[in-house]
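*Asks:* Chains as they are written, first to last, in numbering that gives the first Met the number 0: chain A, 0 to 125; chain B, 0 to 125. Here a beta-carbon is modelled for each residue, glycine too, at the ideal position from N, C-alpha and C. Quantities reported herein were computed from a predicted structural model and do not represent experimental measurements. I'd like to ask you about the structure that follows.
Number of protein chains: 2
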Amino acid sequence: MSAARGDEVELLVCTTCRRDAPDGAEAARPGAVLHDALMSHGLPENVRLKPVECLSNCAAGCTIVLRGPGRWTYVYGNLDASLVTVVAEGAARYRDAADGLVPWRERPEHFRRNCIARIPPLEAPE
Amino acid sequence: MSAARGDEVELLVCTTCRRDAPDGAEAARPGAVLHDALMSHGLPENVRLKPVECLSNCAAGCTIVLRGPGRWTYVYGNLDASLVTVVAEGAARYRDAADGLVPWRERPEHFRRNCIARIPPLEAPE
């Protein structure tokens, strides 16, 4: 399956992430705060926000994933609610790269420095 | 799309990983060594080995990914060629979990301590 520039992509946000919050803290979890901030901020067209329980990147949360059929999947970490505009910008650039591979210089600075992993599309040739 | 216990899964290995090798080292890259060691060791039935250029987990390589249609995808790090039996065992357990979610106690010790990220299947309900 191949994807086209601008096709719908998913932005997953780990909503269980505690980041620096102590265990048992009563306040909302930083991951949930990030998710809600993104929802309030609004996202670029064809970027679909989706909450996920635990993306298992606990050492470097908060965490998001950008993915879509036929594209490379990217995991980014060390995020917080102050970075919603960065996430929105990075998501738009990802959406506009048919294979998910955004040129290095076009990635937001935070994305360049905090890429946790990337995974090729299931359909990638060897 | 749903998966069944035992269905074919993919084991991706980052073959460009340098791990602790210095830049410009002439020796084979640790990621490529890990890949070749897995090929020589042999893998459980229905676990398909696939080399990938850069999984972008450079801070915690060598790196593998376990994935399959309809399953959660897992990224594991800090691996080397001495751990091929661990990787093979973990891959078999992953293959035998229809959704990719292997119970914590059944995961190899190294997998428990070195999970880099996990990503839900594209088909996961919200």
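Please report the straight-line C-alpha distance between Leu-121/A and Ser-55/B, rounded to a whole angstrom.
*Replies:* Using only the alpha carbons, I get a separation of about 17 angstroms.
*Asks:* So is Trp-71/B buried or exposed if we call it buried at 16+ other beta carbons inside 10 Å?
*Replies:* Buried, since its Cβ has 16 or more Cβ neighbours within 10 Å.
*Asks:* Can you tell me whether DSSP reads Arg-47/A as helix, strand or coil?
*Replies:* It is a strand residue.
*Asks:* Count the other CB atoms within 10 Å of the CB of His-40/B; is the residue buried (16 or more) or exposed (fewer)?
*Replies:* So His-40/B counts as exposed.
*Asks:* Measure from the alpha carbon of Leu-42/B to the alpha carbon of each residue in Gly-99/B, Tyr-93/B and Asn-77/B, then state which is nearest.
*Replies:* Taking only the C-alpha atoms, the option nearest Leu-42/B is Tyr-93/B.
*Asks:* Measuring only from the beta carbon, is Tyr-93/A closer than 6 angstroms to any heavy atom that is part of the ligand PLP?
*Replies:* Inclusion of the ligand PLP in the displayed structure is not the case, the ligand content being empty and no account of it being possible.
*Asks:* Put Thr-72/B into one of helix, strand or coil per three-state DSSP.
*Replies:* If DSSP states are grouped into helix, strand and coil, Thr-72/B belongs with the strands.
*Asks:* My output table needs one value for Leu-54/A: the three-state DSSP class, helix, strand or coil.
*Replies:* Coil, per DSSP.
*Asks:* Please state the DSSP three-state secondary structure of Glu-108/B.
*Replies:* Helix at Glu-108/B.
*Asks:* Suppose contacts are defined by Cβ-Cβ distances below 7 angstroms. Is Ala-90/A in contact with Val-51/A by that definition?
*Replies:* No; because the gap between Cβ atoms is not below 7 angstroms, this pair is not in contact.
*Asks:* The beta strand (DSSP E) spanning Ala-66/B covers which residue range?
*Replies:* According to the sequence provided, residue 66/B is Arg. The question's Ala does not apply to it. Residues 63-66.
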